[in-house]
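Just add 19 to wherever you are in the sequence shown, counting from 1, and you've got this note's numbering.
Working notes for the structure below.
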Amino acid sequence: MLKQTQSIARALLYAALVALPFQSIWLRIAEAHGVAGKPFFLMSDWYEILILIFFAVTIVSLLFRARHISIKLSKLDAIFLSLYILALLSFFWSNHTLGYHIIGLRYSMLGVYIYFLTRLAYPEEPKIQEILVYVFWGVVIVGILQILLWIFLKDSPFLASLGMQQIHKIIVIPQVYGSLPGPNQFGSFLVHCLVFAYFTTIIPKRNWFMALALGLLILTFSRSALIALIVAIVLYFLYSPKKTASIYSLVGITFFALLVWFGLTKLFGGEIRDIFTHGASYSGHVNAIHIAIDRYLHDGGVWNLLFGYGAGEAGPATFVRTQSFIPESWYLQILYEYGILGLLLIITAFCLTVREAIRVKHHLIWVGLTAMIVNSLFLHVFSDNPAVTALTFSVIALLATHPILIARSQT
Numbered sequence: 020m021l022k023q024t025q026s027i028a029r030a031l032l033y034a035a036l037v038a039l040p041f042q043s044i045w046l047r048i049a050e051a052h053g054v055a056g057k058p059f060f061l062m063s064d065w066y067e068i069l070i071l072i073f074f075a076v077t078i079v080s081l082l083f084r085a086r087h088i089s090i091k092l093s094k095l096d097a098i099f100l101s102l103y104i105l106a107l108l109s110f111f112w113s114n115h116t117l118g119y120h121i122i123g124l125r126y127s128m129l130g131v132y133i134y135f136l137t138r139l140a141y142p143e144e145p146k147i148q149e150i151l152v153y154v155f156w157g158v159v160i161v162g163i164l165q166i167l168l169w170i171f172l173k174d175s176p177f178l179a180s181l182g183m184q185q186i187h188k189i190i191v192i193p194q195v196y197g198s199l200p201g202p203n204q205f206g207s208f209l210v211h212c213l214v215f216a217y218f219t220t221i222i223p224k225r226n227w228f229m230a231l232a233l234g235l236l237i238l239t240f241s242r243s244a245l246i247a248l249i250v251a252i253v254l255y256f257l258y259s260p261k262k263t264a265s266i267y268s269l270v271g272i273t274f275f276a277l278l279v280w281f282g283l284t285k286l287f288g289g290e291i292r293d294i295f296t297h298g299a300s301y302s303g304h305v306n307a308i309h310i311a312i313d314r315y316l317h318d319g320g321v322w323n324l325l326f327g328y329g330a331g332e333a334g335p336a337t338f339v340r341t342q343s344f345i346p347e348s349w350y351l352q353i354l355y356e357y358g359i360l361g362l363l364l365i366i367t368a369f370c371l372t373v374r375e376a377i378r379v380k381h382h383l384i385w386v387g388l389t390a391m392i393v394n395s396l397f398l399h400v401f402s403d404n405p406a407v408t409a410l411t412f413s414v415i416a417l418l419a420t421h422p423i424l425i426a427r428s429q430t
């Protein structure tokens, strides 16, 4: 049973890592050709359905084979399991139906699902990296293709049939989003690409890849992604003073990228402030944060401050309601949904991961995770970006030193 469980978990994990970064393309194409209803739902949520079915079958199998299998939880396993139990129990003090609660779990707990899927798969990191090489190059190529299509076809209606239409713009500049749902999601994924390329040597044409990925990141005009990349670089520089030459070069490249970014804004009417702050978007973000904090403090009582208002009460899950509630920060979403306890569990998990990755000198993990931690301050990175969520939480699980399921003969 253990080998079968591991094999199925690996197949699901690899499928998610490969397919999710490109899922938005086929969803946009499907939408352009009139696909809706159940077919569209299955096309968009297939991975969650398969993962939950797999978990259900695995749990039932464990109940029947409890004498032969031992469950060995690490500290990180226990933290994420506690968070998920809290999320499940929050149904009893939320104000919505079970169906809506399940929708909320989809958005806020996907990272936990991916984490435990990876723990059950217990994959070898070189295999994951080998897969990511093709995924990252594929994402970059799609981004370049999108720019070329915009140059030669401009805003032709034909672009919609390819899932490549100009959807997002800053003033008159189209924001590149490639194979992801939007520019911010694409920017977040490109940060992972750059960190991966910098700390590994297995990616072919590495320098070209980094230059193209950085160029695409600039053209997303994603403030949060650029800030996340810069913070990760600075932290790595502070932690690794012996590698000043390479870090200085990367800092120099980033500084040059910022100069190019501001230069582009100057060409379009000199609206530097609007490009940097996205005009009304900036004030909207600040206002949303103030509203989220005020609602967290005043919507309920002491119980809600400690344990939250329930899954789906904030973040992208609220789009199915008549009035959405988007705090514009993943941490504020978690705070509102699962209270101080939920937020402390998340922060503890991230801190343990970063500390352990630094201890074993696994720079790829801690620098990449640090970038996403910063990115999540300004976006719902782990709620509206399945590709980045799958990538981040699977990488976190790679730090585990033992499988979660062990045959009793081995204990």
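Beta carbons: idealized from backbone N, C-alpha and C, even for Gly.
Going by CA-CA distance only, name the one from the options that's closest to residue i.
i    : options                : result
N1   : T24, L39, K146         : What is shown of the chain runs 20 to 430, which leaves residue 1 out entirely.
K146 : I122, M62, V37         : V37
A9   : A75, G319, L100, N114  : With the chain represented from 20 up to 430, any question about residue 9 goes unanswered, as that position is not in the structure.
H304 : R340, L351, T219       : L351
F344 : I312, I366, G320, L362 : I312
K94  : L235, L371, R340       : L371
L254 : A419, V214, I170, A426 : V214
L383 : L32, S101, L108, A216  : A216
S413 : I98, H381, L32         : L32
Q165 : L178, Y153, W156       : L178
Q25  : G53, F74, V54, H52     : F74
Distance, Cα to Cα, residue i vs residue j?
i    : j    : result
V250 : A390 : 7 angstroms
T208 : V407 : A small correction: the amino acid at residue 208 is Phe; Thr does not occupy that position in the sequence shown. Looking at the two C-alpha atoms, the distance is approximately 6 angstroms.
W385 : L69  : 29 angstroms
L236 : L248 : 10 angstroms
L354 : G334 : 11 angstroms
H421 : D96  : 11 angstroms
I189 : S241 : 10 angstroms
L316 : I308 : 13 angstroms
I365 : A419 : 17 angstroms
G289 : G234 : Note on G289: pLDDT 47, under 50, position unreliable in the model; the coordinate value appears next. C-alpha separation (whole angstroms): 21 angstroms.
S63  : I90  : 32 angstroms
K444 : E144 : Residue numbering for the chain in the displayed model covers 20 to 430; residue 444 lies beyond these limits and cannot be assessed.
L92  : S101 : 12 angstroms
Just mark residue i as buried or exposed, buried being the case when its beta carbon has 16 or more other beta carbons within 10 Å.
i    : result
R125 : buried
Y491 : Here the chain has residues from 20 to 430 only, and residue 491 is not among them.
W112 : exposed
I78  : exposed
R378 : exposed
A244 : buried
H211 : buried
G118 : exposed
E149 : exposed
F397 : buried
V154 : buried
Note down, in chain order, each residue of its chain lying with its Cβ closer than 8 angstroms to the Cβ of residue i, except the 5 sequence neighbours on either side.
i    : result
F59  : L46, A49, E50
V161 : F41, I44, G197, S198
T187 : Before going further, note that residue 187 is His rather than Thr in the sequence given. Around H187: P193, Q194, Y196, G201, P202.
S395 : S348, W349, Y350, F401
T239 : Q194, V195, Y196, P202, N203, F205, G206, L209
L61  : I68
By DSSP's criteria, residue i is part of a beta bridge. Which residues make up the other side?
i    : result
K188 : P193
I461 : Nothing about residue 461 can be read from this structure; the chain reaches only from 20 to 430.
Apart from the five residues just before and just after residue i, which ones in its own chain have a Cβ nearer than 7 angstroms to its Cβ?
i    : result
I359 : L324, L325
L231 : V159, I163
F369 : L388, I392
M128 : Y103, A106
L410 : L36, H211
Regarding residue i and the ligand COA, is the C-beta to nearest heavy atom distance less than 7 angstroms?
i    : result
W169 : As presented, the structure is devoid of all ligands, the ligand COA included, so that no description of it is given.
Quick one: residues in its chain with C-beta nearer than 6 angstroms to the C-beta of residue i, no 5 flanking neighbours on either side, listed in chain order?
i    : result
A28  : L136, L139, A140
Q185 : D174, P193
Y357 : L105, G327
A416 : Y134, T137, R138
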